[in-house]
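Visitor:
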Amino acid sequence: KTLYLFTSLTAGSSHIVTATSRIETILKANKVPFQGVDTATDELAKKLYQRRASGRKLPLLVKEGYVIGDLEQIEEWNEYDELKEALGVVAAAPVAKPTPSTITAKAAAPKENVPATTPAQNLAIRELGAEAAKVAAAK
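Going by our numbering, the letters in the sequence shown line up with residues 50 to 188, in that order.
(1) Do residue 62 and residue 88 have their CB atoms nearer than 8 Å?
(2) Can you give me the C-alpha to C-alpha distance between residue 106 and residue 94, rounded to a whole angstrom?
(3) Comparing C-alpha positions only, which one of 66, 117, 91 and 113 sits nearest to residue 103?
(4) Taking the beta carbon of residue 59 as the centre, do at least 16 other beta carbons fall within 10 Å, making it buried, or is it exposed?
(5) Output the residue ranges of the beta strand (DSSP E) runs that lie fully inside the region 55 to 131 and measure 3 residues or longer, sorted by chain position.
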């Protein structure tokens, strides 16, 4: 499941070059493997971008044929240490060996009727909040 960074290296916009560089820096710093794709020279990538970008501007991250994030989303995920999780690159959690103190310690009683939230739910809630804030700011 390769992660692709769609950009346009021939676009006259310095914004695209700067934003692409920023995304590359974030991905490399988080050791997230990706492959750069120039939509100006790759016709299939260009068609996918035109069909699936939903008005979002380059550069974009694409995985399995779907646009999963633009610069703003990637910076937000990075800021909250949710980048790997959001991109589906979560490393396996280290398995802790039980020690005598953890075996005898009692776990805190879970709250009744309170479902645990998943990372995906937290992300969705935060994205909805950001969208609501944009709408409010536009008024």
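No residue lacks a Cβ here, since even glycine has one placed at the ideal position from N, Cα and C.
Guide: So, to answer that:
(1) Mapped onto the sequence shown, residue 62 falls at position 13. Mapped onto the sequence shown, residue 88 falls at position 39. Against a cut-off of 8 Å, the Cβ pair of residue 88 and residue 62 comes out as no contact.
(2) Taking the first residue of the sequence shown as 1, we reach residue 106 at position 57. Taking the first residue of the sequence shown as 1, we reach residue 94 at position 45. Rounded to the nearest angstrom, the two C-alpha atoms are 14 Å apart.
(3) The count along the sequence shown starts at 1 and reaches residue 103 at position 54. Nearest C-alpha to residue 103: 117.
(4) Start at 1 with the first residue of the sequence shown, and residue 59 comes out as number 10. Residue 59 comes out exposed.
(5) 84 to 87, 109 to 112 and 115 to 119
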